[in-house]
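Position one of the sequence shown corresponds to residue 26 (my numbering), numbered consecutively onward.
Beta carbons are placed, not taken as given, at the ideal position from N, Cα and C, and that holds for glycine.
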Amino acid sequence: MLSPQLSYKQPIVVSPDGKPVALTPWLVPIVWEGTFDPMLIDLIYRQKNITIATTVFALGKYTQFLKVFLESAEQNYFVGFRVHYYVFTDQPEQVPAVKMGEEHNLTVLIVPSSNRWQDISLSRMARLEKLIESRLINEADYVFSLDVDSKFYGHWGVETLGRLVGVIHPGYYQTPREQFTYERRPESQAFIPYSEGDYYYGGAVIGGLVEDVYQLAKTCREQLDIDASKSIEAAWQEESHLNKYFLYNKPTKVLSPEYLWQDQIPHKDRVKILRFSQIIKNYADVRPNL
Ligand code: 48C
């Protein structure tokens with residue numbers, strides 16, 4: 026019995042007349058400027074007493090990105106709500122002292138160094154899984170895992186909260202699915218055939234309710250372990266496994282590329298506003314290996 030071929034038309038993100046599409050084929054919101062009322066949604070969430078945990082990994086030379094990440098976050102990220110940052114690093118002394126807003130806290134978690142950036146990226150799922158098991162299950166309602174080599178340029182608020190939240194990668198939102206950089210080797214647990222795929226999600230932003238992000242992290246870690254036991258490393262490390270997960274466990278909210286841009290990509294005629302963007306860096310200067 027062949028597994029049912031999940032081939033269906035590829036969802037579009039921006040319509041031919043340039044208008045953003047605000048709903049996925051499975052009827053969950055795609056969050057763009059203008060598709061939500063910040064005042065109203067703030068009012069709704071203020072009634073709840075929520076805590077948002079945020080994990081960032083800053084190993085090796087990536088500690089240099091912490092200052093801009095944290096300072097720009099304090100100006101834009103869940104301002105007015107309770108936020109607890111968990112900074113994973115191999116150099117605690119490199120974590121800058123950044124003035125935190127009210128009810129914003131930061132905990133430093135020491136992890137061993139690594140001389141392969143791929144391993145650092147790959148290990149994030151395992152670390153997230155363990156952090157949720159050991160602490161977040163009691164300390165937070167929502168959790169976001171964000172790439173540290175980024176900067177907040179605009180409002181990032183409770184419009185991004187949901188059970189399971191992914192972001193559309195800025196490099197692939199107007200690309201045919203056959204060109205998505207999914208893992209295409211059937212022997213990998215992250216395999217996605219050319220005929221399938223909704224969006225190409227960026228690994229730099231993963232979010233949702235603690236319990237749901239736990240299931241994501243645990244599943245991806247298990248899949249990563251299976252691949253590793255066969256000496257397979259997926260095309261884009263844990264981002265490949267994340268895309269596989271989101272294909273079969275649809276996000277309940279999808280963030281537009283406003284929530285994950287890249288500084289080197291022009292944005293004026295593409296998104297109305299930039300909120301979070303990966304800064305330009307020379308990988309040779311910041312990574313332990315090429
Ligand atoms: O903390 C590090 N140190 C490294 O040497 C390489 C990656 N990382 C962490 O992994 C950072 O949190 C990065 O944001 C993340 C993987 N993402 C990237 O390297 C690029 N944003 C693709």
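- On the DSSP bridge assignment, give the partners of leucine 131 in chain order. As a working mapping, residue 131 is identified with position 106 in the sequence shown. Partner(s): Tyr110.
- Item | Close beta carbons around glutamate 258, own chain, < 8 Å, minus the five adjacent residues each side | Position 233 of the sequence shown holds residue 258. So the qualifying residues of the chain are Gln143, Leu147 and Asp252.
- Query: Is the beta carbon of tyrosine 110 sitting closer than 8 Å to the one on valine 136?
  - Reply: Position 85 of the sequence shown, counted from the first residue, corresponds to residue 110. Position 111 of the sequence shown, counted from the first residue, corresponds to residue 136. Taking 8 Å as the Cβ cut-off, tyrosine 110 and valine 136 do not qualify as a contacting pair.
- Query: Taking the C-alpha atoms as reference points, what is the distance between tyrosine 284 and arginine 300?
  - Reply: Locating residue 284 in the sequence shown gives position 259, where the first residue counts as 1. Locating residue 300 in the sequence shown gives position 275, where the first residue counts as 1. About 5 Å.
- Query: In the DSSP assignment, what residue or residues form a beta bridge with isoleucine 77?
  - Reply: On the sequence shown, residue 77 is found 52 positions in, with the first residue counted as 1. Per DSSP, Val108 and Tyr167.
- Query: In its own chain, which residues sit with a C-beta less than 6 Å from the C-beta of glutamate 208, not counting the 5 before and 5 after it?
  - Reply: Within the sequence shown, residue 208 is the residue found at index 183, counting from 1. Excluding residues within five positions, the ones whose Cβ falls inside 6 Å are Ala215, Phe216, Ala259, Ala260 and Ser265.
- Query: Three or more C-beta pairs closer than 8 Å, one from the segment 71-90 and one from the segment 153-169: is that the case here?
  - Reply: yes
- Given valine 123, which residues of its chain have a CB within under 6 Å of its CB, disregarding the five upstream and five downstream residues? As a position in the sequence shown, residue 123 is number 98, starting the count at 1. If we look at valine 123 and ignore the five residues flanking it on each side, its Cβ neighbours are Leu95 and Glu96.
- Task: Tell me whether glutamate 258 sits in a helix, a strand or coil according to DSSP, three-state version.
- Result: Along the sequence shown, one-based indexing puts residue 258 at 233. Reduced to three states, the DSSP call for glutamate 258 is coil.
- Task: Using only alpha-carbon positions, find the residue among Val133, Arg107, Val108 and Glu128 that is nearest to glutamate 118.
- Result: Locating residue 118 in the sequence shown gives position 93, where the first residue counts as 1. Checked all of Val133, Arg107, Val108 and Glu128; the closest Cα to glutamate 118 is Val133.
- Query: How would you write the range of the beta strand (DSSP E) that isoleucine 231 sits in, first residue to last?
  - Reply: What you label residue 231 is simply residue 206 of the sequence shown in a count that begins at 1. Unbroken beta strand (DSSP E) run through isoleucine 231: 226-234.
- Can you tell me which of the three DSSP states alanine 83 falls into? Position 58 of the sequence shown, counted from the start, is the residue given in the question as residue 83. Strand, per DSSP.
- Message: From the DSSP secondary-structure annotation, give me the bridge partner or partners of proline 325.
- Response: Past the boundaries of the shown model lies residue 325; the chain is included only from 26 to 315, so the question cannot be answered.
- Query: What is the residue span of the alpha helix (DSSP H) that leucine 153 lies within?
  - Reply: Position 128 of the sequence shown, counting from 1, holds the residue named residue 153. 149-156 is the extent of the alpha helix (DSSP H) around leucine 153.
- CB-CB under 8 Å to glycine 228, same chain, minus the five flanking residues each way: which ones, in chain order? For the purposes of this step, residue 228 is taken as residue 203 along the sequence shown, with counting starting at 1. So the list reads Ser146, Asp172, Trp261, Gln262, Glu263, Glu264 and Leu267, once near-sequence residues are dropped.
- Buried or exposed for aspartate 326, please, with buried defined as at least 16 other CB atoms from any protein chain shown within 10 angstroms of its CB. This structure does not reach residue 326, given that the chain is present from 26 up to 315, and the question cannot be answered.
- How is tyrosine 207 classed by DSSP in three states: helix, strand or coil? Residue numbering aside, residue 207 sits at position 182 when the sequence shown is read from its first letter. Reduced to three states, the DSSP call for tyrosine 207 is coil.
- Query: Going by other Cβ atoms of all chains shown within 10 Å of its Cβ, with 16 needed for buried, is tyrosine 33 buried or exposed?
  - Reply: Reading the sequence shown from its first residue, position 8 is the one you call residue 33. By the 10 Å Cβ count, tyrosine 33 comes out exposed.
- Reducing DSSP to helix, strand and coil, say where isoleucine 145 ends up. Reading the sequence shown from its first residue, position 120 is the one you call residue 145. Helix at isoleucine 145.
- Message: On the DSSP bridge list, what partners appear for glutamine 303?
- Response: Working through the sequence shown from its first residue, we reach residue 303 at position 278. Its beta-bridge partners are Ser175 and Gln287.
- Item | Proximity below 8 Å, CB of asparagine 274 to CB of leucine 189 | Your numbering for residue 274 matches position 249 in the sequence shown. Your numbering for residue 189 matches position 164 in the sequence shown. Result yes, Cβ atoms of asparagine 274 and leucine 189 sit closer than 8 Å.
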